[in-house]
Amino acid sequence: MIEFSDVKKTYPDGTEALKDFSLRINEGELVTLIGPSGCGKTTTMKMVNRLIEPTEGTIYINGTNINDYNIHELRWNIGYVLQQIALFPHMNIGENIAVVPEMKKWKRREIRKRSEELLDMVGLDPSTYLHRRPSELSGGEQQRVGVIRALAADPDIILMDEPFSALDPISREQLQHDIKKLHQEIRKTIVFVTHDIDEALALGDKVCLMKEGHINQVDTPQQLVLNP
Ligand code: ADP
Ligand code: ADP
1 MIEFSDVKKT
11 YPDGTEALKD
21 FSLRINEGEL
31 VTLIGPSGCG
41 KTTTMKMVNR
51 LIEPTEGTIY
61 INGTNINDYN
71 IHELRWNIGY
81 VLQQIALFPH
91 MNIGENIAVV
101 PEMKKWKRRE
111 IRKRSEELLD
121 MVGLDPSTYL
131 HRRPSELSGG
141 EQQRVGVIRA
151 LAADPDIILM
161 DEPFSALDPI
171 SREQLQHDIK
181 KLHQEIRKTI
191 VFVTHDIDEA
201 LALGDKVCLM
211 KEGHINQVDT
221 PQQLVLNP
């Protein structure tokens, strides 16, 4: 469970990125944050794993103030998928997926099994893909690997910041389908940022509409469509 309680963020140059942001995200829920560029979506995400500090207010994970966690444990427990594909180019796909599980001292066999299961879930044949370098994958395939790499060490929370924005429409559709399926199988808490309303409605259990550092509306996709 993630809770933002009266969070404000003012950057040193005076930009008020978030003005009184409160939101509760239940365990296992997939919440989409949607709003125009500059409304504070990325700022919100970066605060969850303490890449930036709120100016005011508190963020809780499972009832504990995030400042009270050991920062490494906090970050190990949060998978982050960025807009830019960020695989390590000198490592093959298997090695890329293994980075965080290795830090957590998982056994080789466990890492291998987990990598194969995850690749299968997104339709990439492990016997082929584990050994390829990122440069031997298409953009959509790389981003699918980016997604499963974030899930590899079994984090409780996954943050996805416009992970599809650099992709063509067909790859986007495939990835939307993959994320839905992965979420149904693993039931982890996912916060998904997008500026595409169709994507937000298609993916979210709950959709959070943001504007200028505020939340305008939070509702299920069904309710949002009925009462726009
Ligand atoms: P979004 O992800 O919705 O596009 P951001 O959270 O990136 O929005 O940005 C919110 C606002 O804060 C924007 O006006 C942006 O220009 C500003 N901003 C983001 N990062 C910084 C920073 N490091 N310093 C100053 N202003 C920033
Ligand atoms: P896109 O249609 O997204 O441009 P590509 O043409 O890059 O995709 O790749 C198409 C397919 O060929 C993908 O399945 C990709 O994994 C595979 N592929 C691309 N480069 C190589 C390579 N050097 N060796 C093996 N397979 C590759």
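Residue numbers (the numbering used here): 1 to 228. A virtual CB, placed ideally from N, CA and C, is assigned to each residue, including glycine. Just so we're clear, the structure is a prediction, and the values are computed from it rather than from any experiment.
Give the straight-line distance between the Cα atoms of residue i and residue j, rounded to the nearest whole angstrom.
| i | j | result |
| --- | --- | --- |
| valine 99 | phenylalanine 21 | 34 Å |
| serine 5 | glutamate 56 | 9 Å |
| isoleucine 59 | methionine 45 | 11 Å |
| isoleucine 66 | leucine 74 | 8 Å |
| leucine 137 | glutamine 143 | 9 Å |
| methionine 160 | glutamate 29 | 13 Å |
| isoleucine 25 | methionine 1 | 6 Å |
| glycine 140 | serine 165 | 11 Å |
| proline 101 | isoleucine 148 | 12 Å |
| histidine 90 | isoleucine 97 | 13 Å |
| leucine 175 | tyrosine 69 | 32 Å |
| isoleucine 71 | glutamate 116 | 29 Å |
| glycine 14 | valine 7 | 16 Å |
Apart from the five residues on each side of it in sequence, which residues of its chain come closer than 8 Å, Cβ to Cβ, to residue i?
| i | result |
| --- | --- |
| glycine 146 | Val81, Leu82, Ile85, Ala86, Leu87 and Pro163 |
| leucine 151 | Gly79, Leu118, Ile158, Leu182, Ile186 and Lys188 |
| proline 36 | His195 and Lys211 |
| aspartate 178 | Met121, Val122, Gly123, Arg144 and Val147 |
So what's residue i in DSSP terms, helix, strand or just coil?
| i | result |
| --- | --- |
| arginine 108 | helix |
| glutamine 217 | strand |
| lysine 188 | coil |
| arginine 24 | strand |
| threonine 55 | coil |
| glycine 146 | helix |
| isoleucine 179 | helix |
| asparagine 65 | strand |
| glycine 94 | helix |
| leucine 87 | coil |
| threonine 169 | Sequence check: residue 169 is proline here, not threonine. Correct three-state label for proline 169: helix. |
With which residues is residue i paired in a DSSP beta bridge?
| i | result |
| --- | --- |
| lysine 9 | Leu18 |
| lysine 206 | Val31 |
| glutamate 102 | Answer by DSSP bridge pairing: none, since glutamate 102 is not bridged. |
| leucine 159 | Tyr80 and Val191 |
| phenylalanine 230 | Residue 230 is absent from the structure shown; the chain starts at 1 and stops at 228. |
| lysine 211 | His214 |
Between which residues of its own chain and residue i is the CB-CB distance below 7 Å, once the five residues before and five after are set aside?
| i | result |
| --- | --- |
| arginine 132 | Asn92 and Ile93 |
Among the residues of its own chain, which have a CB less than 6 Å from the CB of residue i, if the five just before and after it don't count?
| i | result |
| --- | --- |
| leucine 224 | Val207 |
| isoleucine 61 | Ile2 |
| aspartate 205 | Glu29 and Leu30 |
Practice task
Taking 8 Å as the threshold, find out whether the segment 46-55 comes into contact with the segment 201-218 through three or more Cβ pairs.
Solution key: Counting Cβ pairs under 8 Å, fewer than three are found: no touch.
Practice task
Could you say if the segment 180-195 and the segment 32-41 meet the contact criterion of at least three C-beta pairs nearer than 8 Å?
Solution key: When Cβ pairs closer than 8 Å are counted between the two stretches, the segment 180-195 is seen to touch the segment 32-41, the count reaching three or more.
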